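Working notes, structure below.
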Amino acid sequence: MKSLTIAKQSKYPQGMAYLFLTGLWERFSYYGITALLILYLLKFFDISDAKTYLIYGAYASMVYGTPIIGGIIADKYIGQYRSIIIGASLIALGHFVMIVPNSQHIYFFLGLSFVIVGTGLFKPSIGAITGALFTDTEYKRNEGFTLLYIGMNIGAITAPIICSYIAVTISWNLAFGIAGIGMLVGLFIFIKGSRYYRDVKENKNSLVERYKFTVTIAMGLCILTGFIFVLLAYPIWASRVLYLIGITTLLIILYFVRISEANDRSRIYITVTLTIFYMIFMVLLQQSGGMMNVFTERNVNRVIFGFDIPASAYQSIEPFFIILFGPLYTYLSRKYEANPYTYPTKFAKGLFIMGLSFFILVVAIPLTAENGVISSWWISLSYLFEALGELFIGPIGLAMVSVVSPKRMVGFFMGVWVLSSAFANFLAASFGILISGDGKSVALAPVETIHIYSKAFGYFTLLGCGAAIILFILSPFLNRRLRQLIV
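Positions 2 to 488 (our numbering) are the ones given, in order, by the sequence shown.
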């Protein structure tokens, strides 16, 4: 393969090309589902908007939450290599189970459950193996993660286009199946390159070869899958589980504050503060797969140069802009804001730009809407600003946690950071439920629904820009305190 030849002649470890392609195909699988899911639920499940957002939120929150469990399983028991093998296999299996016909949608929810558990095993381990391949300098390791990030965004660009076209022109079930085949391709590539990383980050004392232990892990994964299946089928319970986890996490943080010395308390306060603003950012970002996706289906003129573009294909726009402007942002960031003291300022900038992405639609709707429909170029411009906002926050989030949080608590606050994404996904869905009101917007005409979405985008503008202004006000103090703490 050409990419593998290039890797052998470059500064990257030889195994990096295989991980690049594995990550690409896993994201192809993930975004194939994400782009189609909410529209599929509305089209075939005969449920209200509110119930649709609730199911979508439960799915999205658990996809972000299970990597904490998967990371523990990989670190303590089966190792990163086996975790990726099992995770990718479950993801592919989930895609194929989803398309089994059933009037009660049992197989659909079961398939989603497999995908969630598989993602939990896959996601933390691909990053761990990538980091372990780079043993010389932190700079090269960062470049390795950048390459992996690019590969994942290529998957995020191509999946919505390909899968949505297949869904609209041939079959929705086939589209989900194609996403599953993509994961199988990634699994094959990962296994093919195993000689480069087979023993990297592996637990040498792993007991996985013992029959009893293997059965225990398998039973545990089956129980977890069954638990997730229940939460998807009855998504209101997912919110209650999240509330319980949130209360427990808050109590643990308060305990750490109580037992820590002054400097560590300051680190905790700053980490928690930025995590809260990150959660607000994620609430807005996750609207792209939810409310923005539905808005594009109902209230956007999707005919471009004579071609009718499926609504879910618009999910490719934001990752395209990330790849397009990512190198420029990286260059400017290194040149002007290379130190960690500016994390709060960067977060504030990202939040404000994210708020502007919704403000664009607030302005566009009354000025340009005809019969409740706006031009595709407005939604594309909105996604451009969304991508620019994400560039200020997305790539530096975990780095912020590793640098700012107390050294003996880094692992815990990494988990809190991931959990904040899970909470944000459910909060994003909750906004959709509140805005959809009595749940009858699915039956309304575009001239009626566009006013609902205009009001929602106004709220999101206030949330993003308002939170950004608050963080801008706090930033001088936070930056100064970080300069004192990070030496």
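Glycine included, C-beta positions come from ideal geometry on N, C-alpha and C.
If you're wondering where the values come from, they're calculated on a predicted model, not measured in any experiment.
Determine the closest residue to residue i out of the options, with distance taken between C-alpha atoms.
i, options, result
"Gly412", "Leu392, Ile73 and Phe348", "Ile73"
"Phe353", "Gln316, Ser334, Met283 and Ser317", "Met283"
"Ile487", "Leu382, Ser267 and Val273", "Ser267"
"Val98", "Ala75, Ile182 and Thr131", "Ile182"
"Phe1", "Thr67, Ala89, Lys52 and Tyr279", "Residue 1 cannot be examined here, being either before or after the span of the chain that is shown, 2 to 488."
"Ser104", "Phe46, Pro161 and Trp173", "Phe46"
"Ala219", "Phe115, Ser476, Ile167 and Glu298", "Phe115"
"Leu222", "Ser334, Ser261 and Leu91", "Leu91"
"Gly398", "Val363, Val448, Ile451 and Thr343", "Thr343"
"Thr450", "Thr250, Asn300 and Met410", "Asn300"
"Pro311", "Glu298, Pro320, Ile323 and Phe321", "Glu298"
"Phe21", "Lys193, Val419, Val169 and Ile394", "Lys193"
"Ile465", "Arg241, Leu445, Thr147 and Glu387", "Before going further, note that residue 465 is Gly rather than Ile in the sequence given. Of Arg241, Leu445, Thr147 and Glu387, the residue nearest in Cα terms is Glu387."
Hey, how far is the Cα of residue i from the Cα of residue j?
i, j, result
"Ala365", "Trp379", "7 Å"
"Phe414", "Gly467", "26 Å"
"Tyr329", "Pro367", "Note on residue identity: the sequence assigns Leu, not Tyr, to residue 329. Between Leu329 and Pro367, the C-alpha separation is close to 34 Å."
"Arg259", "Tyr244", "23 Å"
"Val231", "Tyr54", "17 Å"
"Leu255", "Thr272", "13 Å"
"Gly433", "Lys124", "27 Å"
"Ile281", "Ile56", "20 Å"
"Ala59", "Ile277", "20 Å"
"Pro345", "Ile269", "14 Å"
"Ile471", "Phe360", "18 Å"
"Leu252", "Ala234", "30 Å"
"Ile117", "Thr67", "7 Å"
"Tyr41", "Gly327", "32 Å"
"Lys408", "Glu371", "56 Å"
"Ile107", "Phe228", "14 Å"
"Gly516", "Val417", "A question about residue 516 goes unanswered here, because the residues of the chain that appear run from 2 up to 488."
"Leu188", "Gly152", "15 Å"
"Asn174", "Gly156", "20 Å"
"Ser383", "Ser289", "10 Å"
"Leu357", "Thr215", "51 Å"
"Val321", "Glu262", "Note that residue 321 is Phe in the sequence shown here, rather than Val. Taking the straight line joining both Cα atoms gives about 45 Å."
"Phe306", "Arg484", "53 Å"
"Ile246", "Ala133", "31 Å"
"Ile179", "Arg482", "50 Å"
"Ser195", "Asn302", "47 Å"
"Leu392", "Leu148", "15 Å"
"Ile87", "Ala93", "10 Å"
"Ser431", "Ala36", "19 Å"
Provide the residue span of the alpha helix (DSSP H) that contains residue i, from first to last.
i, result
"Tyr235", "That residue, Tyr235, is in no alpha helix (DSSP H); it is neither H nor E in DSSP."
"Arg409", "Per DSSP, Arg409 belongs to no alpha helix (DSSP H) and is neither H nor E."
"Ile453", "Pro447 to Leu486"
"Arg266", "Ala263 to Leu286"
"Ala36", "Gly16 to Phe45"
"Asn294", "Met292 to Asn300"
"Pro125", "Ile107 to Leu134"
"Tyr82", "Gly80 to Met99"
"Asn174", "Trp173 to Lys193"
"Lys52", "Asp50 to Ile74"
**Request:** Say whether the region 44-63 touches the region 426-438, bearing in mind that this needs 3 or more beta-carbon pairs closer than 8 Å, one atom from each stretch.
**Result:** yes
**the region 23-43 touching the region 397-408, judged by at least three CB pairs closer than 8 Å** = no
**Asked** At a cut of 8 Å, does the region 288-299 reach the region 314-321 through at least three beta carbon pairs?
**Response** yes
**Prompt:** Are the region 128-136 and the region 374-389 in contact at 8 Å, needing three or more beta carbon pairs?
**Reply:** no
**Request:** Kindly confirm or deny that the region 27-36 and the region 182-198 touch, where touching means at least three C-beta pairs closer than 8 Å.
**Result:** yes
**Item:** Unbroken stretches of the alpha helix (DSSP H), 4 residues or longer, contained in the region 317-398
**Value:** 318-337, 344-369 and 377-394
**Request:** Would you check if there are 3 or more beta carbon pairs closer than 8 Å linking the region 80-94 to the region 445-462?
**Result:** no
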